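Note that the sequence shown covers residues 38 to 192 in the numbering used here.
Each remark here refers to the structure printed beneath this line.
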Amino acid sequence: MPNRMKEFRGMSDEQLSLALKDTEKHLFQLRFQSATDRLETPSEIRKARRDIARIRTLQREKELGKLGGLSTEQLGTRIASLQAKEDASLPGKRTAHRQGARLKRFYVAKGGTLPIAPPPAPAAPAPKADAKKPETKSDAKKPDAKKSAPKGSGK
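Here it is in structure tokens:
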């Protein structure tokens, strides 16, 4: 479908991401209609999936074009920052790992050498020695509960 590709190629990055989001939402609606047997044209699901693939392909092409213009030093700093993000115990580690692996392949193809030394980390403040330990549930005093008749006794 060359007309759709021409249309997508003329879009900016923000427009592509909006089109992707809209198409994914449309695909979800189509799948829901299919599950409830209200889908009139089953080929719409296939068209939506292909549009999503086209948009993602264009986004990846644009990303590779931008990466091609970067020097190996700039790529190295990006890889190091992704590695730091991956090492931190925060959400998004899997995405950082995948992006880092892609960047490493691109970095090596451009002539860089692995491993890349991470940038120096800022000094962390020393923990306080006399800090009071927070009270846990087991340490807290439980109020005395009234003993009542067992449930289900009826009277």
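Note that the Cβ used here is the ideal one computed from N, Cα and C, for glycine as well.
Note that this is a predicted model, so its numbers are computed, not measured.
- Between Lys99 and the set Arg46, Arg41 and Asn40, the nearest pair of CA atoms involves Arg46.
- In this structure, the CA atom of Gln136 is about 8 Å from the CA atom of Leu119.
- Residue ranges of uninterrupted alpha helix (DSSP H) with 4 or more members, entirely inside the segment 50 to 132 and ordered along the chain, are 50 to 72, 80 to 105 and 109 to 124.
- Across the structure, Leu104 and Ser71 are spaced so that their CA atoms are roughly 40 Å apart.
- Between the C-alpha atoms of Lys84 and Thr132 there is a straight-line separation of about 27 Å.
- A direct Cα-to-Cα measurement between Thr78 and Ser126 gives close to 46 Å.
- Judged by DSSP in its simplified three-state form, Met48 adopts coil rather than helix or strand.
- In the three-state reduction of the DSSP assignment, Gly137 falls in the helix class, which pools H, G and I.
- Under the 8 Å Cβ criterion, the segment 107 to 115 does not count as touching the segment 52 to 66, having fewer than three qualifying pairs.
- In this structure, Thr114 is the residue among Glu123, Ala90, Thr114 and Gly129 with its C-alpha nearest to the C-alpha of Tyr144.
- With contacts defined by Cβ atoms closer than 8 Å, Lys147 and Ile116 do not form a contacting pair.
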